[in-house]
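Here is the structure we will look at.
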Amino acid sequence: MKTSYPLALVLIALSMLCFSGFTPADTLPGDTSPLPCQIAFESDRDGNREVYVMEPDGSNLTNLTNNPADDMQPAWSPDGSRITFVSDRENEGEGGQFIYVMDADGGNVRQLNNENESQWPDWSPDGKRIIYDHLGDIYVISADGGQKSKNLTGSPENDVQPKWSPDGNNILWLSGEEGKKDIHVMDADGHNKSRVTKDAGVHDAVWSVDGRIIGHWDGKEAGCFNCLINADGSNTVDAGGKGTIQNYVPFWTADGQLVEINSGDHLNGNNEIFLASSIFPDMFLNLTNNKANDINPDWPKNCGNTTKTPADNKSLENDGVLETNTNSSPDIILGYEGDPNSISDLHMNDLRKACDELKIKCVQGEDISKLVDQNVDAIISYSNRWHVLGSFPAFLSAVEKGIPVIVLNAETSVQGAYNLSIESAAMRGGLKWMLDGMNGKGEFVYFNVGKNDWHQSIIDEVLKDYPGITAISVPADYEGNRITEKKIMDLAKSKPNLGAIWADENLQDVFWGIKNGEIEPIPAMLCTPRQDAWQFWRDWINDGTGIRCYSIVKPGGTAYEGVYVAYYLLTGEEIAPSALGGNFNNTFLYDFPVITNEDLDEWLGRTDEFRIGDGDTMELPPMTPEEIKEKWFVK
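Quick note on numbering: my numbering labels position 457 of the sequence shown as 457, and the sequence is numbered without any gaps.
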């Protein structure tokens, strides 16, 4: 017998930034006024599970079911008039767990189906049908109970947690063993079934307002925990975390704010229901604030302020990347801030040069929030992989106010911010080059200095394609456990099967630890883009040692280019569809040199094409304004 599993954690998000022309999903024909966004949820605060409703601010808490049985998993009808739920209350038969429907005030309770052990009901957008799962199959029944239920899947697999698409044409569900579930999609009548993900370990999934699917992965095998994917399985991207998932599933507060709602044990160990937004202190507003477990929130899909859309001050292109308002005023004010270690004199001069050329005012701020308070038109953030993580709420707050943020030398997932960086592309390129050269075997050592989660996700993603290689993570940090020549030397001598060694810091120490330790055979490694390092590399090749190295030259003009990108956006230029990529589709794509043994001599003869930056590393000079517009904007 197949078994069904309850959803352990509800991941539901609501939109503060949404799609151009959006109105709340599942609007019924003839609706002329918005519904109140009452939240239905289940709670065990009375000793058993009951269905409650409350206002969007947590007030007017009402127990609708008030029954000694367990009543759970509520789902509002699209028009807000009824709620379906699961209950094991006594009935005319022998009892069991069935689907029930009641009016919005808790009255007129009636049993809908006859399949025991049913769960996870969901309404069709027209309010006429309800889907649910029963013992590992997906069923549909008329919402008035006038027709018998129909098994839509009828498979030996464990099919659970169905959700109806916003247009009513499709149904998604999860199928597979616990911890190994995949998303599937079928037509509303059960035909044309297809698997959307493969071996993904999806925890739960919901539809976004534009017909895509947001899935919560148990692990980050897909490169994301919260993944946005087309219904045909294409184009998986990271939906981000708090403040970004809300871009896809809308909810309105009583005063017209769009926020995120979720349930979880964020603070005190018991499940609460929260609103999440930068408009709240510390990001969260606890609506339930009770020692009980409050879970599974739901609200009418056709609720909220339908006269106001998330696109009032912003619009989105088809690919979901935010476009800012056009600002035709010559009095543009550009703010800049960032990690002090990321701002060199050379790059500061680049920024000032661009500001002078454009005759715009550029002001330095202590942080993003201070610049927002100064009413700047756009923000440049000098960043790195650590600064960008801590700045997530501030980036989000700025773009919510219509202020584009240009992140330099790092990558944020915030939609409405744009990245000028090659970090992820360079990492993937170097890792794949190393692992390809190991012919599917041997040991691969890597240093993720400081245990950066973003870097680790890329490493894990690349390693999936090389199952025969043994990957060894070696701890390192910026204090007492730094990468040193001796550490590299001792490590390499202890591993005779070492095929490659990768590090995101201290490449010179890796190089000289291998060379001075006279390690044989020499593991593949990364080489610093310095003229002297390249020459030592060339000399080592000439010695016939078998060294294999990989080096890139990074863009050095991101500050200059960032000012022009901000200016072009503010003055109405349209980003070219081919200009953006990266994990979040908000990173401007660069062309950058990749140097290996095979073309090292060529690039040694072309070093005059680069300029010298921090630490004597070579970097690409800034593109010209004409090159920036030609490469990244619509002609």
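Note that the Cβ used here is the ideal one computed from N, Cα and C, for glycine as well.
All values derive from a computational prediction rather than experimental measurement.
Contact under 8 Å by Cβ, residue i with residue j
i           : j           : result
residue 588 : residue 296 : no
residue 226 : residue 213 : no
residue 182 : residue 195 : yes
residue 485 : residue 513 : yes
residue 449 : residue 509 : no
residue 51  : residue 74  : yes
residue 623 : residue 524 : no
residue 303 : residue 64  : no
residue 299 : residue 120 : no
residue 338 : residue 397 : no
residue 405 : residue 399 : yes
residue 576 : residue 634 : yes
residue 84  : residue 130 : yes
Straight-line Cα distance separating residue j from residue i
i           : j           : result
residue 629 : residue 192 : 45 Å
residue 569 : residue 612 : 30 Å
residue 572 : residue 416 : 15 Å
residue 235 : residue 458 : 17 Å
residue 507 : residue 527 : 6 Å
residue 127 : residue 82  : 9 Å
residue 395 : residue 413 : 10 Å
residue 360 : residue 367 : 20 Å
residue 522 : residue 533 : 16 Å
residue 207 : residue 355 : 43 Å
residue 474 : residue 466 : 19 Å
residue 55  : residue 142 : 29 Å
residue 58  : residue 230 : 34 Å
residue 150 : residue 116 : 14 Å
residue 217 : residue 602 : 45 Å
residue 92  : residue 275 : 40 Å
residue 544 : residue 386 : 40 Å
residue 389 : residue 626 : 32 Å
residue 325 : residue 374 : With a pLDDT of 33 at residue 325, under the threshold of 50, the modelled position of that residue is not reliable, and no figure is offered here.
residue 69  : residue 460 : 46 Å
residue 346 : residue 610 : 14 Å
residue 535 : residue 464 : 34 Å
Whole-Å CB distance - residue i paired with residue j, under 8 Å assumed
i           : j           : result
residue 590 : residue 422 : 5 Å
residue 476 : residue 483 : 5 Å
residue 445 : residue 501 : 5 Å
residue 619 : residue 556 : 3 Å
residue 427 : residue 455 : 7 Å
residue 631 : residue 579 : 7 Å
residue 376 : residue 333 : 5 Å
residue 379 : residue 403 : 6 Å
residue 145 : residue 110 : 7 Å
residue 409 : residue 582 : Wrong, their Cβ atoms sit about 13 Å apart, outside the cutoff.
residue 443 : residue 497 : 5 Å
residue 43  : residue 294 : 5 Å
residue 228 : residue 190 : Contact doesn't hold; Cβ gap of about 26 Å is too wide.
residue 469 : residue 440 : 7 Å
residue 584 : residue 237 : 6 Å
Spatial neighbours of residue i in its chain, beta-carbon cut-off 6 Å, leaving aside the 5 residues before and after
i           : result
residue 617 : 529, 530
residue 287 : 58, 273
residue 537 : 527, 549
residue 614 : 344
Contact set for residue i: own chain, Cβ-Cβ below 7 Å, skip 5 residues either direction
i           : result
residue 401 : 372
residue 489 : 513, 516, 517
residue 289 : 272
residue 592 : 422, 552, 553, 554, 555, 620
residue 353 : 560
residue 95  : 88
Beta-carbon contacts of residue i that lie in its chain and below 8 Å, excluding the five residues immediately before and after
i           : result
residue 118 : 86, 97, 98, 99, 132, 133, 134, 139
residue 174 : 159, 160, 161, 181, 182, 183, 184, 202, 204, 205
residue 154 : 137
residue 351 : 336, 362, 380, 559, 560, 562, 563
residue 167 : 125, 211
Under the three-state DSSP convention, the category residue i falls into
i           : result
residue 635 : coil
residue 629 : helix
residue 607 : helix
residue 424 : helix
residue 578 : helix
residue 228 : strand
residue 275 : strand
residue 498 : strand
residue 204 : strand
residue 286 : strand
Minimum Cβ-Cβ distance from residue i to chain C less than 8 Å
i           : result
residue 356 : Given the protein chain composition of this structure (a single chain), no chain C is represented.
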